[in-house]
Every structure is written in structure tokens, then in C-alpha cells.
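Participant: Under the UniProt record's numbering, the sequence shown has 115 at position 115, and the numbering climbs by one with no breaks.
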Amino acid sequence: MADKTGPDGTGETGRGRQPEATIRDDELERRRRDLEASLATRRTDRLEGKDEAKAATGYGQALKLSSEFIAGVVVGVGLGWIIDRLAGIAPWGLIVGLLLGFGAGILNVLRSAGLASQFGQSGSPREPKE
Numbered sequence: 001m002a003d004k005t006g007p008d009g010t011g012e013t014g015r016g017r018q019p020e021a022t023i024r025d026d027e028l029e030r031r032r033r034d035l036e037a038s039l040a041t042r043r044t045d046r047l048e049g050k051d052e053a054k055a056a057t058g059y060g061q062a063l064k065l066s067s068e069f070i071a072g073v074v075v076g077v078g079l080g081w082i083i084d085r086l087a088g089i090a091p092w093g094l095i096v097g098l099l100l101g102f103g104a105g106i107l108n109v110l111r112s113a114g115l116a117s118q119f120g121q122s123g124s125p126r127e128p129k130e
């Protein structure tokens with residue numbers, strides 16, 4: 001049968017005994033600190049607390065802004081239609097409601113995008129979101 005000696009004379013087949021890892025704990029700790037510092041410089045907004053729990057993607061932001069606009073127009077048209085029914089001033093309530101809803105929708109979009117200040121806040125508007 002076969003004897004216990006392998007190609008390298010140790011009794012094991014393959015590449016034999018590998019040298020022990022030469023990286024020490026303090027070297028790993030230094031590399032971890034370097035990596036942490038590098039990541040901290042790349043993610044400054046997260047360290048300052050500016051990130052949101054769920055960052056809006058481009059599609060998400062577009063859906064949010066379009067729904068803000070559509071909601072303003074729908075509410076304006078709905079209120080105009082109700083005024084038409086109650087007051088009996090056929091198309092005028094609907095027309096005025098549509099115009100006011102359009103204006104409210106645009107204002108909602110500007111507020112959501114951060115280009116207009118919120119009601120009751122004084123000062124300049126904040127910078128637009130990227």
C-alpha cells in the first residue's frame with residue numbers, strides 16, 4: 001500500500017505547511033483606522049446628520065412632486081365643483097377652483113423641492129435638494 005510520506009516528506013499531500021500570517025493585530029488596527037478615516041471623509045453628510053432614513057431616488061422624488069401637483073389641482077377642482085352645485089353658478093366655481101388648485105399645486109411642488117419657504121417661516125429659502 002501507500003506509505004505515510006508525501007511528496008514533501010511530511011506525510012501530507014499538496015503544498016505542505018503554509019507560513020503563519022505575518023500581519024499582527026496592531027497592523028490590522030492601523031489599517032482599520034485608516035479605512036474608517038477614509039470613509040468618514042467620503043460620507044460627511046451622514047456624520048452631520050443630514051441623511052434621511054430613506055433617501056429619495058430620482059424616480060421617487062419625481063413621483064412625490066407630481067403627486068403634490070396633482071393633489072392641488074384635484075382639490076381645487078373638487079371645491080370649485082361643490083361651490084358650483086351649492087351656489088348654482090355653473091362653470092365659474094369650477095374655473096376659479098381649477099386656477100386656484102393649479103396655483104396651490106405649483107406652490108406645493110416648490111415647497112417640497114425646497115425652493116420656497118414654508119408658511120410662517122421667515123428668511124431665505126433653503127438650498128434645493130440634489
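Cβ atoms here follow ideal geometry from the backbone N, Cα and C, with glycine treated the same way.
1. So for Thr-57, helix, strand or coil by DSSP?
2. Look at the alpha carbon of Leu-94 and the alpha carbon of Asn-108, and state the distance between them as a whole number of angstroms.
3. Give the straight-line distance between the Cα atoms of Gly-114 and Val-96, rounded to the nearest whole angstrom.
4. How is Leu-99 classed by DSSP in three states: helix, strand or coil?
5. Assuming Leu-65 contacts Ser-112 under a Cβ cut-off of 8 Å, what Cβ separation, rounded to an integer in Å, is found between them?
6. Please list, in chain order, all residues of the same chain as Leu-47 whose beta carbon is under 8 Å from its beta carbon, the five residues on each side excluded.
7. Please determine, among Gly-101, Ile-70 and Ala-37, the residue with the shortest C-alpha to C-alpha distance to Trp-81.
Facilitator: Per the coordinate set shown:
1. Position 57 of the sequence shown, counted from the first residue, corresponds to residue 57. In this structure, DSSP gives Thr-57 a state outside helix and strand, which the three-state scheme calls coil.
2. The sequence position of residue 94 within the sequence shown is 94, counting from 1. The sequence position of residue 108 within the sequence shown is 108, counting from 1. Each residue's alpha carbon lies about 20 Å from the other.
3. Stepping through the sequence shown from its first residue, residue 114 is reached at position 114. Stepping through the sequence shown from its first residue, residue 96 is reached at position 96. The alpha-carbon atoms of Gly-114 and Val-96 are separated by roughly 27 Å.
4. The sequence position of residue 99 within the sequence shown is 99, counting from 1. Helix at Leu-99.
5. Walking along the sequence shown from the start, residue 65 turns up at place 65. Walking along the sequence shown from the start, residue 112 turns up at place 112. Contact between Leu-65 and Ser-112 holds: CB atoms are separated by about 6 Å, below the 8 Å threshold.
6. One-based indexing of the sequence shown puts residue 47 at position 47. The pLDDT assigned to Leu-47 is 48, lower than 50, so where the model puts this residue is not dependable; a value taken from the coordinates is nonetheless given after this. Taken in chain order, the residues that qualify are Ala-40.
7. Start at 1 with the first residue of the sequence shown, and residue 81 comes out as number 81. It is Gly-101.
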